[in-house]
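Peer 1: In the working numbering, the protein residues as written are 4 to 784.
The structure's right below; bear with me while I get my questions together.
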Amino acid sequence: MMALPCLPWQEHVTQKWTELDPQLKETFSSLLEIDDVFNCALSLTTQNDLDVLQSVSEEYSGKKDTDEAAKSRDGGNSSFKARHYVTAVLHYSQGVCLAPKKSEQLCLCYANRSAALYHLQRYKECLDDIDRAFKNDYPPHLSHKLQERRRLCLNRLSLQEKTGNGDHNHASDCKGRALPDKAFPLGPQVSVDFSAKRGRGLVALERIAAGEEILVDRPYSCVLIPGLEEVRGTGDRAQDKRRERFFGTEHRRCHWCLAETLCCVPCEACSYSRYCSSGCQQEAWEEHHRWECPMGPDLRATGVLSQLALRVAVKAGLRNIQMARQSARDQHEESDPSSRNSSSSDQISPDGSYHGDSYMSVFHLLHHTNRHNTGLRFLCAVTMATLYLKLSETGPLCFSGGLSDPSSAERTSEEGDGAGSSSESWVLGSAALRHMLQLRCNAQAVIAVQDTGAENSPVQSRQEIRIATAMFPTLSLLNHSCRPNTSMAFSTGASAQAGVSDGPADTSLPGGRNQAPGVTVTVRAAKVITSGQEILHCYGPHSSRMETPERQRILQEQYYFLCECEACGLQEEVEEVQEVQEGRRPRSGPRGSPYESGLLCGNCKGALKKSSENGGGGFTCALSTCGGRMSSAEVSSRLQEVRVVLDAAVELMEKEMPGEALQLLKRTGSGSGRILAETHPLQGELADATARAYATMGDWKNAASHLERSAAAAASQFGEDSVEVGQQLFKVAQLHFNGGARGPALSVIPKVRRILCLHCGPHCPEVQELKAMENCLRGSS
Numbered sequence: 004m005m006a007l008p009c010l011p012w013q014e015h016v017t018q019k020w021t022e023l024d025p026q027l028k029e030t031f032s033s034l035l036e037i038d039d040v041f042n043c044a045l046s047l048t049t050q051n052d053l054d055v056l057q058s059v060s061e062e063y064s065g066k067k068d069t070d071e072a073a074k075s076r077d078g079g080n081s082s083f084k085a086r087h088y089v090t091a092v093l094h095y096s097q098g099v100c101l102a103p104k105k106s107e108q109l110c111l112c113y114a115n116r117s118a119a120l121y122h123l124q125r126y127k128e129c130l131d132d133i134d135r136a137f138k139n140d141y142p143p144h145l146s147h148k149l150q151e152r153r154r155l156c157l158n159r160l161s162l163q164e165k166t167g168n169g170d171h172n173h174a175s176d177c178k179g180r181a182l183p184d185k186a187f188p189l190g191p192q193v194s195v196d197f198s199a200k201r202g203r204g205l206v207a208l209e210r211i212a213a214g215e216e217i218l219v220d221r222p223y224s225c226v227l228i229p230g231l232e233e234v235r236g237t238g239d240r241a242q243d244k245r246r247e248r249f250f251g252t253e254h255r256r257c258h259w260c261l262a263e264t265l266c267c268v269p270c271e272a273c274s275y276s277r278y279c280s281s282g283c284q285q286e287a288w289e290e291h292h293r294w295e296c297p298m299g300p301d302l303r304a305t306g307v308l309s310q311l312a313l314r315v316a317v318k319a320g321l322r323n324i325q326m327a328r329q330s331a332r333d334q335h336e337e338s339d340p341s342s343r344n345s346s347s348s349d350q351i352s353p354d355g356s357y358h359g360d361s362y363m364s365v366f367h368l369l370h371h372t373n374r375h376n377t378g379l380r381f382l383c384a385v386t387m388a389t390l391y392l393k394l395s396e397t398g399p400l401c402f403s404g405g406l407s408d409p410s411s412a413e414r415t416s417e418e419g420d421g422a423g424s425s426s427e428s429w430v431l432g433s434a435a436l437r438h439m440l441q442l443r444c445n446a447q448a449v450i451a452v453q454d455t456g457a458e459n460s461p462v463q464s465r466q467e468i469r470i471a472t473a474m475f476p477t478l479s480l481l482n483h484s485c486r487p488n489t490s491m492a493f494s495t496g497a498s499a500q501a502g503v504s505d506g507p508a509d510t511s512l513p514g515g516r517n518q519a520p521g522v523t524v525t526v527r528a529a530k531v532i533t534s535g536q537e538i539l540h541c542y543g544p545h546s547s548r549m550e551t552p553e554r555q556r557i558l559q560e561q562y563y564f565l566c567e568c569e570a571c572g573l574q575e576e577v578e579e580v581q582e583v584q585e586g587r588r589p590r591s592g593p594r595g596s597p598y599e600s601g602l603l604c605g606n607c608k609g610a611l612k613k614s615s616e617n618g619g620g621g622f623t624c625a626l627s628t629c630g631g632r633m634s635s636a637e638v639s640s641r642l643q644e645v646r647v648v649l650d651a652a653v654e655l656m657e658k659e660m661p662g663e664a665l666q667l668l669k670r671t672g673s674g675s676g677r678i679l680a681e682t683h684p685l686q687g688e689l690a691d692a693t694a695r696a697y698a699t700m701g702d703w704k705n706a707a708s709h710l711e712r713s714a715a716a717a718a719s720q721f722g723e724d725s726v727e728v729g730q731q732l733f734k735v736a737q738l739h740f741n742g743g744a745r746g747p748a749l750s751v752i753p754k755v756r757r758i759l760c761l762h763c764g765p766h767c768p769e770v771q772e773l774k775a776m777e778n779c780l781r782g783s784s
């Protein structure tokens with residue numbers, strides 16, 4: 004994820020700081036008020052900065068290009084001939100976005116895409132593309148092809164209606180309308196609490212059962228992340244190369260509601276933004292894209308966080324920003340009149356006020372200006388000042404939230420010292436900087452599961468990826484635990500409408516009610532939560548994936564607190580943290596304890612444990628009579644060997660060579676057993692890959708057997724009722740179903756359903772698929 008600006012821009016700002024006069028450096032470093040920081044950065048931003056950004060952003064050009072559209076169409080034709088119809092559609096969609104309006108390439112890309120959609124049995128979308136091809140002057144001498152395809156589609160749809168198998172797709176369901184919101188997305192069983200040590204948080208007012216819904220929240224705003232960023236990637240180059248063969252998130256999802264879509268509706272002005280429907284296209288244009296469109300390359304160069312920060316400010320509008328600023332001043336004066344110029348004026352009120360899902364809640368999120376290192380603060384400030392000047396070039400801003408009275412927009416002594424800046428745009432720039440600094444600690448990744456692997460493979464691999472960065476007003480209330488008592492599930496597009504209350508949203512409420520696109524997060528209890536207990540979720544570093552010292556280091560560096568949750572509370576682990584911080588113990592690798600447990604002694608097959616001698620630089624056998632040892636370097640080398648084989652096996656399967664992959668995995672599996680216990684995470688990954696190879700060859704029984712071993716390894720690492728185990732057992736159920744193993748399938752389905760309902764709710768797609776499998780199996784008895 005390119006959260007921060009691209010490297011060339013970061014290097015430019017770093018050089019700018021290096022060359023800055025020492026007195027100016029000292030002045031900037033001493034500033035803690037957002038307004039002062041923004042004004043200082045604005046005074047330091049020059050035409051050279053604008054020119055550098057212009058140069059850097061050329062790599063991210065969003066211009067329409069007929070020649071590039073033709074290349075994309077050629078790529079689609081090649082994939083179509085190979086019967087890779089999904090990939091063909093993605094190529095044609097890229098051509099649709101690149102082709103200028105009314106160009107020949109545009110109508111040809113629509114026509115070709117309709118052919119691929121027909122083969123994918125997506126008949127309604129095929130008809131839509133046929134209509135678009137004709138509207139964009141499709142050549143008359145070729146029209147008979149489209150007319151015949153239209154006739155075939157209508158026949159297929161008619162047959163589906165008679166048999167009751169309608170073609171449902173998101174493009175026809177999601178109209179892009181702003182969805183109604185709950186006034187307060189918190190359930191009646193929870194309350195907002197405040198403590199001087201932990202700030203705001205949520206506590207249970209009554210017992211909450213495992214799996215029970217606690218809150219549903221929509222992001223105030225979100226920005227799609229380009230590329231494919233795995234939630235739990237390995238960082239291996241081989242895997243990175245595999246990712247390059249897939250279209251990124253920006254090609255697969257609507258840039259407004261984030262729904263998956265193959266048949267995008269392009270922005271008419273740029274080649275980057277695309278949507279699942281004309282409704283989403285219009286909603287995005289009205290809220291933010293009319294301002295972002297001409298600045299698209301600049302925003303992509305300066306990163307997701309700056310784009311999201313600016314989007315939040317533009318959406319809020321001048322009136323809401325001014326109301327929030329006044330609220331902050333009033334709260335500060337009430338809490339501490341004598342320290343009006345201190346940084347605490349930007350904090351929440353002492354009583355921990357909660358403003359629901361409005362902009363007021365977003366504005367009052369902590370920005371930690373006094374804790375960000377000076378380099379990061381300078382980067383954010385100069386970036387936002389430069390974007391502010393670029394945006395000012397487009398002319399007066401008509402904010403989404405509406406303009407206030409002209410008299411309220413007069414510049415005060417506090418607002419705007421930059422030459423030529425208006426009060427309105429200056430307030431926008433200062434608010435955007437505030438949000439960019441807030442996002443360092445308050446950004447939330449929107450997670451989705453996406454199919455990967457060879458398109459025509461009978462078995463698809465699935466992985467969690469980050470599809471967007473969002474700012475959730477209510478979700479931000481939850482404090483962190485490395486062993487949380489909640490689970491989060493995200494919904495996008497039309498599916499996000501499920502469970503949302505009916506009735507109009509009142510946009511006249513102070514602070515502006517949340518009118519976010521079709522994205523929701525549902526938080527459920529992952530275990531029983533008792534009355535008075537705090538409701539917690541994980542900010543990233545989880546106890547099942549990382550050692551305590553590494554988790555605490557990450558949390559301290561990004562969120563500025565020393566975690567003292569239950570998982571971090573063991574005295575010996577706290578002492579390890581102190582040793583790391585004092586340099587007496589080396590930092591753990593990013594994988595942490597799960598990969599350092601489950602190791603076997605090469606002499607006696609007993610368990611290896613991390614040595615406490617010489618700073619913990621190796622492993623010794625747990626049996627004192629054995630004396631077996633392995634250095635940390637040797638363990639890392641052996642683990643890396645297994646990882647290389649895993650990557651090679653996946654490469655072979657993607658090349659449709661499952662037999663060769665299976666042989667490689669068998670050789671490695673027999674060797675890995677000499678150092679890895681069955682519960683080691685890498686053994687689980689080996690078993691998962693072996694199951695995939697067997698399934699690709701149609702050997703469902705062996706595939707299910709190995710996948711059960713993978714699930715057992717996941718249970719050892721994450722827990723019997725973890726969502727990771729549920730995902731593995733879901734694949735086991737699919738394999739038993741595909742192999743016609745009725746008894747084993749019916750045996751595992753209830754357990755999978757229980758786990759997935761606990762974490763994802765009863766309406767998630769996997770649970771619905773399990774229900775269909777079960778009905779089919781019971782109906783065949």
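Just so it is clear, CB atoms sit at the ideal spot from N, CA and C, and this is done for glycine as well.
None of the values given here were measured: they were computed from a predicted structure.
Please confirm whether ILE557 and VAL430 have their CB atoms less than 7 Å apart.
Peer 2: no
Peer 1: In this structure, how does DSSP classify ILE557 when only helix, strand and coil are distinguished?
Peer 2: helix
Peer 1: State the CB to CB distance for the pair ALA213 and LYS530, rounded to an integer number of angstroms; the pair is presumed to be in contact (CB under 8 Å).
Peer 2: 5 Å
Peer 1: For PHE250, write down the residues that DSSP places opposite it in a beta bridge.
Peer 2: Answer is none; PHE250 lacks a bridge partner.
Peer 1: When every heavy atom of the ligand COA is checked, does at least one fall within less than 6 Å of the C-beta of VAL735?
Peer 2: The ligand COA is absent from the structure shown, which contains no ligand whatsoever.
Peer 1: For GLY355, which residues in the same chain have their Cβ closer than 6 Å to its Cβ, ignoring the five residues on either side in sequence?
Peer 2: Because GLY355 sits at a pLDDT of 46, beneath the cut-off of 50, its placement in the model cannot be relied upon, and the point is left open.
Peer 1: Near GLN284, what residues of its chain come up, given a Cβ to Cβ distance below 6 Å and the 5 sequence neighbours on each side ignored?
Peer 2: VAL268, TYR278
Peer 1: If I follow the unbroken beta strand (DSSP E) through LEU205, where does it start and stop?
Peer 2: 202-207 is the extent of the beta strand (DSSP E) around LEU205.
Peer 1: Quick check: the segment 76-83 against the segment 91-110, are there 3 or more CB pairs under 8 Å?
Peer 2: yes
Peer 1: Is it the case that the Cβ atoms of GLN108 and THR69 are separated by a distance below 7 Å?
Peer 2: yes
Peer 1: Using C-beta distances below 8 Å, list every residue in its chain close to ARG180, excluding the 5 sequence neighbours before and after it, in chain order.
Peer 2: Unreliable positioning characterises ARG180 in this predicted model, as indicated by a pLDDT of 41, which lies under 50. The coordinate reading is nonetheless provided below. Only GLY282, GLU286 meet the Cβ criterion.
Peer 1: Between the Cα of GLY672 and the Cα atoms of LEU208, LYS658, ALA692, which residue gives the shortest distance?
Peer 2: ALA692
Peer 1: Quick check: what's the CA-CA separation for ASN376 versus GLU711?
Peer 2: 47 Å
Peer 1: Where does MET633 fall in DSSP's three states?
Peer 2: If DSSP states are grouped into helix, strand and coil, MET633 belongs with the strands.
Peer 1: Report buried or exposed for ALA775, applying the criterion of at least 16 other Cβ atoms within 10 angstroms of its Cβ.
Peer 2: With fewer than 16 other CB atoms across the displayed protein chains lying within 10 angstroms of its CB, ALA775 is exposed.
Peer 1: Can you tell me whether GLY423 is buried or exposed? The criterion is at least 16 other CB atoms within 10 Å of its CB, across all chains shown.
Peer 2: Residue placement at GLY423 cannot be trusted, given a pLDDT of 39 that sits under 50; what the coordinates show is reported in the next sentence. Counting Cβ neighbours within 10 Å, GLY423 comes out exposed, since fewer than 16 surround it.
Peer 1: Measure from the alpha carbon of LYS67 to the alpha carbon of each residue in TRP259, ALA272, LEU34, then state which is nearest.
Peer 2: ALA272
Peer 1: Considering HIS540, what are the terminal residues of the alpha helix (DSSP H) in which it resides?
Peer 2: Unbroken run through HIS540 is the beta strand (DSSP E), 537-540; no alpha helix (DSSP H).
Peer 1: CA-CA distance, ILE470 and THR389?
Peer 2: 27 Å
Peer 1: As an exercise, report each continuous alpha helix (DSSP H) stretch of at least 4 residues that is fully enclosed by the segment 22-102, in chain order.
Peer 2: 25-33, 37-47, 50-59, 69-84, 88-101
Peer 1: On a CA-only basis, which of CYS9, PRO191, ARG328 is nearest GLU62? Give me that one, please.
Peer 2: CYS9
Peer 1: If you run the structure through DSSP and keep just helix, strand and coil, what is THR623?
Peer 2: Under the three-state reduction of DSSP, THR623 is assigned to strand.
Peer 1: Based on Cα-Cα distance, which residue from GLU295, ALA706, ALA327, THR386 lies nearest to THR305?
Peer 2: THR386
Peer 1: How big is the Cα-Cα spacing for ASN482 and ARG201?
Peer 2: In this model, ASN482 and ARG201 are separated by some 8 Å (Cα to Cα).
Peer 1: Out of ARG670, GLU657, CYS604, PHE721, state which residue places its alpha-carbon closest to the alpha-carbon of MET700.
Peer 2: GLU657
Peer 1: Throw me the rounded Cβ distance for the LEU773 and VAL755 pair, which I believe falls under 8 Å.
Peer 2: Rounded, the Cβ-Cβ distance is 6 Å, consistent with contact.
Peer 1: I'd like to know whether the C-beta atoms of GLN453 and ILE468 end up nearer to each other than 7 Å.
Peer 2: yes
Peer 1: I'd like to know whether the C-beta atoms of GLN536 and ALA199 end up nearer to each other than 7 Å.
Peer 2: no
Peer 1: Would you kindly report the start and end of the unbroken beta strand (DSSP E) that includes SER198?
Peer 2: 193-198 is the extent of the beta strand (DSSP E) around SER198.
Peer 1: Which value, in whole angstroms, describes the spacing of the CA atoms of ALA6 and GLY251?
Peer 2: 16 Å
Peer 1: With respect to the alpha helix (DSSP H) encompassing ARG154, which residues constitute its N-terminal and C-terminal limits?
Peer 2: 146-166
Peer 1: According to DSSP, simplified to helix, strand and coil, what is ARG277?
Peer 2: In this structure, ARG277 counts as strand in the three-state DSSP scheme.
Peer 1: Tell me MET474's beta-bridge partners as DSSP assigns them.
Peer 2: SER224
Peer 1: Determine, using beta-carbon pairs with one atom in the segment 474-481 and one in the segment 210-230, whether at least three such pairs fall under 8 Å.
Peer 2: yes
Peer 1: By alpha-carbon positions, which one of TYR126, GLY521, CYS604 ends up nearest to CYS257?
Peer 2: GLY521
Peer 1: Are there three or more Cβ pairs, one per stretch, closer than 8 Å when the segment 719-730 is compared with the segment 744-759?
Peer 2: yes
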